[in-house]
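Structure first, commentary second.
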Amino acid sequence: MLTNSEIVNAIHEMRTMFPNAGTTLNGDTTFHFLLATILSAQSTDKSVNMVTPALFQQFPTPESLAKAEPSDVEPFIQSLGLYRNKAKYLVNASRKIVTDFNGQVPNTLKELTSLAGVGRKVANVVLAECFNIPAFPVDTHVSRVARRLGMVDANATVLQIEKRLKEAVPRDEWLDAHHAMIFFGRYQCTARNPKCAQCPLLPVCKYGQDNVF
Ligand code: SF4
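Sequential numbering of the sequence shown, starting at 1035, is according to our numbering.
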């Protein structure tokens, strides 16, 4: 298993490789960014960004979406997987924002995760990106990279991964580290055929060494 300093060094290497890593989801307001993040579950950011401009135009505020029915939302997002469920999430989350939070997207993990379609990862993304509250969202890329590199046990849960990374990485670097790990997972340590032979982290990566040699 990597030590704290080895984890930090590995993430710095990823940041060097991907200095422009950042969010690739579009949203012109906190509310719209929340919607985009809910829609991104099991869909690529690119596919979400293709459908959101028309959706945002039709539903500019929580109040406007709260008045809609899921069937009104489905046509805007039907190119995305699970679109029927996602349409329900968007409407129900908007209704709760209006009734329980005075029309404002809340800014605590507990309140955010009380909204339909918002799990811990979505909530952490919104806290960090919209409210500048330090958080370390763990998605599929972060999980894969952390497990392969031995930052955590191969069977570590998402919660254990988040805890370990927060312990090792300085708090003011959490969001940048999250972005760097996502880009590294998306373009280098890919789910299928990771580019281990050309990876600068091969010397510290047992998974990669087993893959290459
Ligand atoms: S060596 Fe391979 S498995 Fe290890 S971090 Fe690099 S790409 Fe991923």
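By construction, the Cβ of each residue, glycine as well, lies at the ideal position given by its N, Cα and C atoms.
Since this is a predicted model, take the numbers as computed values, not measurements.
Query raised in the report: Which of the three DSSP states, helix, strand or coil, is assigned to glutamine 1222?
Result: The residue labelled residue 1222 in the question sits at position 188 within the sequence shown. In the structure shown, the three-state DSSP call for glutamine 1222 is coil.
Query raised in the report: Any idea what DSSP makes of glutamine 1138, helix, strand or coil?
Result: As a first step, residue 1138 must be located in the sequence shown, where it is residue number 104. Shown here, glutamine 1138 sits in coil according to DSSP, grouped into three states, outside any helix or strand.
Query raised in the report: Closer than 7 Å from C-beta to any heavy atom of ligand 1: which residues, in chain order?
Result: Listed by position in the chain, the residues whose beta carbon lies within less than 7 Å of some heavy atom of ligand 1 are Val1179, Arg1182, Leu1183, Gln1222, Cys1223, Pro1228, Lys1229, Cys1230, Cys1233, Leu1235, Leu1236, Cys1239, Tyr1241, Gly1242 and Asn1245.
Query raised in the report: I think alanine 1121 touches valine 1107, with their Cβ atoms under 8 Å apart; what is that distance to the nearest whole Å?
Result: Here residue 1121 is taken as the residue at index 87 of the sequence shown, counted from 1. Here residue 1107 is taken as the residue at index 73 of the sequence shown, counted from 1. Taking 8 Å as the upper bound for CB-CB distance, alanine 1121 and valine 1107 are in contact here, some 4 Å apart.
**Report entry** 8 Å Cβ cutoff met for threonine 1086 and asparagine 1060
**Finding:** Counted from its first residue, the sequence shown places residue 1086 at position 52. Counted from its first residue, the sequence shown places residue 1060 at position 26. With contacts defined by Cβ atoms closer than 8 Å, threonine 1086 and asparagine 1060 form a contacting pair.
Query raised in the report: What is the DSSP secondary structure of proline 1096, counted as helix, strand or coil?
Result: If you number the sequence shown from 1, residue 1096 lands on position 62. Three-state DSSP puts proline 1096 in a helix.
Query raised in the report: Which residue spans inside the segment 1174 to 1216 form an unbroken alpha helix (DSSP H) run of at least 4?
Result: If we require 4 residues or more, the alpha helix (DSSP H) runs fully inside the segment 1174 to 1216 come out as 1174 to 1182 and 1192 to 1202.
Requested in this report: Under 6 Å Cβ to Cβ from lysine 1130, same chain only, skipping five residues before and after it: list those, please.
Outcome: For the purposes of this step, residue 1130 is taken as residue 96 along the sequence shown, with counting starting at 1. Taken in chain order, the residues that qualify are Leu1149.
Query raised in the report: So is aspartate 1173 in contact with chain D if we call contact Cβ pairs under 8 Å?
Result: Absent from the structure is chain D; it holds one protein chain and no more.
Report task. Go through its chain and collect everything with a Cβ distance to threonine 1057's Cβ below 6 Å, but skip five positions before and after it. Result -> Mapped onto the sequence shown, residue 1057 falls at position 23. These residues qualify, in order along the chain: Glu1163.
Query raised in the report: Given methionine 1035, which residues of its chain have a CB within under 8 Å of its CB, disregarding the five upstream and five downstream residues?
Result: Counted from its first residue, the sequence shown places residue 1035 at position 1. Correct list, in chain order: Gly1184, Met1185, Val1186 and Asp1187.
Query - Close beta carbons around isoleucine 1167, own chain, < 6 Å, minus the five adjacent residues each side - result: The residue labelled residue 1167 in the question sits at position 133 within the sequence shown. So the qualifying residues of the chain are Leu1161.
Query raised in the report: What did DSSP end up calling cysteine 1164 once you bin it into helix, strand or coil?
Result: Here residue 1164 refers to the residue found at position 130 of the sequence shown. Cysteine 1164: helix per DSSP, three-state reduction.
Report task. Under 8 Å by Cβ, that's how I've got valine 1172 and glutamate 1196 pegged, so tell me the actual separation to the nearest angstrom. Result -> For the purposes of this step, residue 1172 is taken as residue 138 along the sequence shown, with counting starting at 1. For the purposes of this step, residue 1196 is taken as residue 162 along the sequence shown, with counting starting at 1. Indeed, because the Cβ distance is near 5 Å, the residues count as touching under 8 Å.
**Report entry** Assigned exposure category for lysine 1155 - 16 Cβ within 10 Å defines buried
**Finding:** Translated into the one-based positions of the sequence shown, residue 1155 becomes position 121. So lysine 1155 counts as buried.
Report task. Out of Asp1244, Leu1114, Gln1232 and Glu1207, point me to the one whose CA is closest to threonine 1071's CA. Result -> By one-based count along the sequence shown, residue 1071 stands at place 37. Residue Leu1114 holds the alpha-carbon nearest to the alpha-carbon of threonine 1071 among Asp1244, Leu1114, Gln1232 and Glu1207.
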